[in-house]
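A.B. asks:
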Amino acid sequence: MSFLYGPSGVSPGVPVRQNSAPARPRSVVPGRQRWQVEAARGRVNLARLLERALLAAPGVREARVSVITGGLLVLHGPELTEGEAAQLVRRTIEGVLSRAFPASAPATSPGPAPQVAGGSAETASGPRLTADGVPAERRGPDAVTVALGGGAAATAVLGSAKFGLAWLTGPWVSLGLIGAATAVVIRRALRRSGGGESSSDRRSPFLPRLFRQHRARCALATTLSVLDQVVHAAVFSTVAYSITVLVQGGSYLLAGLGVVGLSSQMYLLGGLVTLGTLVSAGLSYFAESNWDRLGQAVEHHWRTTTYSHVLRLSTADVEGERAGHTSRVLSEDIGQLGTFVGHTMHELVQLGTCFAVLVPAMLCFAPQIAWVAFAPIPLVAWLSFHYQKRVTAAHRRSAETRSRLNSRMADGLQAHATVKAACTESHEEQRAAELSEEHGSANHQTRRSSALQAHMVRMCAMATLPGVLLLGGRSVMLGELSVEGFSPLVELPTIALARLNRLGVLTDSYQRSRAAFGRLEHLRELPTEPQGGRASLSGEVRGAFELSGVTFSYPGREPVLRDLSLRIPSGRVTGVVGATGAGKTTVARLLMRFAHPDSGQVLLDGVDVRTLSLRELRGAIGLVSQEPFLFDGTIADNIRYGSFDAPQARVIDAAKAAGADSFIEALPAGYDTPVGERGTALSGGQRQRVALARTILDNPPIVILDEATSAVDNETEAAIQRGLDTFARDKTLIVIAHRLSTVRNADRIYVLERGGVVAQQGTHTDLLRRGGKYANLWRLQTGEAAAGGERPTDTGRQLAATAGRELRIVPGGSARTADAEPVDDTEPVVAGGLPLS
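Listed below in structure tokens is the structure:
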């Protein structure tokens, strides 16, 4: 009857220990009894024989024996009392065991070995001994001994090899090797795709810093994702368990819980599956909703705080970072963080939970097949990363081809008249067709790579099923694993490996987000602009500036200003002119504290501007630049910018003073006309007049006009000056210009040479009388003859012909214009007394 014995090590002829009861009751209730049968543990055939014997007994309706625990469950009818049923069960168990393990004669202990003549003796199982108990000396090994020794050595070698193989294929060692290989694959992928992290990213992990302000929301969303994955896995396990119960005709576990009968058990399991599905759907919805809200909150927090930080950076830092780069960080990089939190984090938590639930379950219930189920994980991880790189590259190529196609078609539409005039319709059609075909090929390559990745991962996942079925089936046949426990474990690894298909996408999203967060933190690590000291201007701001020994250079360049000293009196008009690159705009930047001198001082009313608060300093200065910026809004909104509560009447008065009211009223919507992004709906001159109206409405004591009227004609400039007469009275007006007619009537004019050196200073009349650079520039621009018979050059005559009327700034008075004087072209052409040839 060797078929009765399993892997417990009990061989035929060896009886069960008689010092322990063959069976003992665990619980006896009406209609149901539980017994413990140690002999059935690990013996499948003995358990089945016991079940058949009990089922053949009168009154017994169901009998189940667990080969794992040795537990016996017996359900009987009401015709048997508890005592009768217990006696029946005990007799049946003893009968089966007596047949399975017949009694054998006890082994007798050998007595002392008889002495042999010669004073030596040899035991039945040992060497021959002398009278002193010492092994008798042998002359040499005989053939039998040599054969036995060789056989023992060979057995030892084979045993060692078998043990090593068993150790390497053991579940714990195999799982360790699988985990190590997977970790190596993931680590290498992270290293290859790493980058963009800031110095602080190497000091502390990325995710805790990202969720620093949202820990409670993150904990809630994570909990919902974990519960969703646990319930999802439980539903699949319940479905697999239901199939097992249906095949076996019932469940011991459910019967032990009081659910008797196959139909009742199936109703219960079906209800649990339905309930679990509904709960999983609800948890999934709330988890995704919470992650999405968390992503929006994270995006809002980092965008607003970073934008607030950027606004407080120095102008030099913002220009050094480039506006386009900073804008991409505020839009694309922070948007990437929101997408990562709102979508990727949910999948990452579910992937981690899936393995956190599956691995302990497999190790607890079936460690002997766990390594087979998890064997493809390193390969699946490698395939996911490998194909993700290909898919990412394919997406990049597809985006590039789409961009070129869209750009080409947009060019064709925008240059519609040019295409028709050149009769190149066929050329444009052919070029668009080529780009469209290229884009279609790139798209096909993208979809092909994605499909190949999915099918490869699915193939690896399905490849584990034969191994799991074979090893799991063998374990069930040997009694090492119950059918109820084996059935759910077949399905779970496939679910986990299917989720692992997204590992490359999730890792790529994680790396992109970490790089984006690194660029974001780099921007936030830039120091904010110093707000200055606590010094204040006593009384009313007079507006007297003084630059004393100022030297300034932009990073990596030669000094723009070298030891510059000049004074700008209060309540007067001061002009600053010079060639391009002489440092005129740099002077305005120093006055506004957009930049700081390398050496020297900038004083306002005798106070160093570095000791003044920025709000007080810049609140006293109005700046109108050559290229003013208009915000996307209406004309009235842009004039009112900085004085947001100003009434409409003041807005109109400021527009009239800036010479903007006439063109604004001519527009269909008037002051409510949208100007578009960066004011593109208006011309350059119109934008300058709107910006000038903004400064007039703000009414600062100091006004800096940096080429503020360069985009308007002379007649419009004269009209603007007439409006400025009243506004600029008793104000400090600093006019930076290329066109000398703009500063002709300034109280003082500074002529700067390259390097910020003051070449000349004085009034317009004084500078013309002295000659030199200013006089030469004047003659070139206006064509006026200077004292001494000098005549303008050809360039001067051309400028004079197009200049029309000249603006003459009169401090505290009205502006007047004068026609260009006629030119006599019969005289030799000279400039500053030097021949031009």
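Under the numbering used here, the first residue of the sequence shown carries the number 290, and numbering increases by one thereafter.
Note that the Cβ used here is the ideal one computed from N, Cα and C, for glycine as well.
Bear in mind that the values here come from a model prediction, so they are computed numbers and not experimental data.
For the candidate residues P819, R851, H598, whose alpha-carbon lies nearest to that of G870?
C.D. replies: Ranking the options by Cα distance to G870, first place goes to R851.
A.B. asks: Taking a contact to mean a Cβ-Cβ separation below 7 Å, would you say L551 touches T527 in this structure?
C.D. replies: No, the Cβ-Cβ distance between L551 and T527 is not below 7 Å.
A.B. asks: Does the beta-carbon of E621 have 16 or more other beta-carbons within 10 angstroms, so that it is buried, or is it exposed?
C.D. replies: Exposed, by the Cβ-count rule.
A.B. asks: What are the boundary residues of the beta strand (DSSP E) that F834 is part of?
C.D. replies: Element bounds for F834: 834–842.
A.B. asks: My output table needs one value for E383: the three-state DSSP class, helix, strand or coil.
C.D. replies: The answer is helix: DSSP assigns E383 an H, G or I state.
A.B. asks: For my contact list, L338 and T381 are in at a C-beta cut-off of 8 Å; report their separation, rounded to the angstrom.
C.D. replies: Contact flag wrong, Cβ pair sits at about 11 Å.
A.B. asks: Where L335 and A655 are concerned, what is the direct C-alpha to C-alpha distance, given to the nearest angstrom?
C.D. replies: Whole-angstrom Cα-Cα distance: 22 Å.
A.B. asks: Quick test of your reading: T753 and F674, contact by CB under 8 Å. State the CB separation rounded to the nearest angstrom.
C.D. replies: Not confirmed; about 20 Å, so no contact.
A.B. asks: Is DSSP giving A352 helix, strand or coil here?
C.D. replies: Strand at A352.
A.B. asks: Once DSSP output is grouped into helix, strand and coil, what is the label at G756?
C.D. replies: Looking at G756 - three-state DSSP - the assignment turns out to be helix.
A.B. asks: Can you give the Cα-Cα distance for R788 and C643, rounded to whole angstroms?
C.D. replies: Rounded to whole angstroms, R788 to C643 spans 8 Å at the Cα level.
A.B. asks: So, helix, strand or coil for A1048, using DSSP?
C.D. replies: DSSP places A1048 in strand when its eight states are reduced to three.
A.B. asks: Please report the distance separating the alpha-carbon of Q820 from that of A958.
C.D. replies: Approximately 41 Å between the Cα atoms of the pair.
A.B. asks: Taking three-plus beta-carbon pairs below 8 Å as touching, is the region 882–900 in contact with the region 945–954?
C.D. replies: Taking 8 Å as the limit for Cβ pairs, the verdict is that the region 945–954 does not touch the region 882–900.
A.B. asks: Evaluate contact between the region 980–998 and the region 906–917, counting only Cβ atoms and requiring at least three cross-stretch pairs below 8 Å.
C.D. replies: Contact holds: three or more Cβ-Cβ distances are below 8 Å.
A.B. asks: If you compare alpha carbons, which of L672, R353, V607, D606 is closest to R791?
C.D. replies: Measuring from the Cα of R791, the nearest candidate turns out to be L672.
A.B. asks: Could you tell me the boundaries of the alpha helix (DSSP H) in which Q554 lies?
C.D. replies: Note, Q554: alpha helix (DSSP H), 551–600.
A.B. asks: Between the Cα of D517 and those of F920, L572, A470, spot the shortest distance and give me the residue it belongs to.
C.D. replies: It is L572.
A.B. asks: Going by DSSP, what residue range makes up the beta strand (DSSP E) through G889?
C.D. replies: Segment 888–893, the beta strand (DSSP E) holding G889.
A.B. asks: Is the region 686–696 touching the region 726–733, taking contact as three or more C-beta pairs under 8 Å?
C.D. replies: Yes: the two stretches touch, three or more of their Cβ pairs being nearer than 8 Å.
A.B. asks: For a test of the three-state rule: what should DSSP assign to I357, helix, strand or coil?
C.D. replies: DSSP places I357 in coil when its eight states are reduced to three.
A.B. asks: Going by DSSP, name the residue or residues bridged to E810.
C.D. replies: Answer is none; E810 lacks a bridge partner.
A.B. asks: Name the one or two DSSP bridge partners that P848 has.
C.D. replies: For P848, which the question treats as bridged, DSSP gives the partners S842.
A.B. asks: Quick one: is H365 buried, meaning 16 or more other Cβ sit within 10 Å of its Cβ, or exposed?
C.D. replies: Buried, by the Cβ-count rule.
A.B. asks: For R1141, which residues from the same chain have a beta carbon less than 6 Å from its beta carbon, with the 5 sequence-adjacent residues on both sides left out?
C.D. replies: Any question about residue 1141 goes unanswered here, given that the chain covers just 290 to 1126.
A.B. asks: CB-CB under 7 Å to A445, same chain, minus the five flanking residues each way: which ones, in chain order?
C.D. replies: With a pLDDT of only 49 at A445, under 50, the local geometry of the prediction cannot be trusted, and no value is derived from it.
A.B. asks: Taking just the CA atoms, how far does R720 sit from V708?
C.D. replies: Rounded to whole angstroms, V708 to R720 spans 13 Å at the Cα level.
A.B. asks: Around the C-beta of M751, are 16 or more other C-beta atoms found within 10 angstroms, so that it is buried, or is it exposed?
C.D. replies: That one is exposed.
A.B. asks: So the candidates are R978, A982, L901, A970; which of them puts its Cα closest to the Cα of G931?
C.D. replies: When only C-alpha atoms are compared, the closest one is A982.
A.B. asks: Smallest Cα separation from D897: which of E351, S837, L557, A935?
C.D. replies: When only C-alpha atoms are compared, the closest one is S837.
A.B. asks: Helix, strand or coil: how does DSSP classify P1131 here?
C.D. replies: With the chain represented from 290 up to 1126, any question about residue 1131 goes unanswered, as that position is not in the structure.
A.B. asks: D1019: buried (16+ other C-beta within 10 angstroms of its C-beta) or exposed?
C.D. replies: When all chains shown are included, D1019 counts as exposed.
A.B. asks: With DSSP as the reference, label T998 as helix, strand or coil.
C.D. replies: Here T998 sits in coil by DSSP.
A.B. asks: In this structure, does DSSP put G631 in helix, strand or coil?
C.D. replies: Helix, per DSSP.
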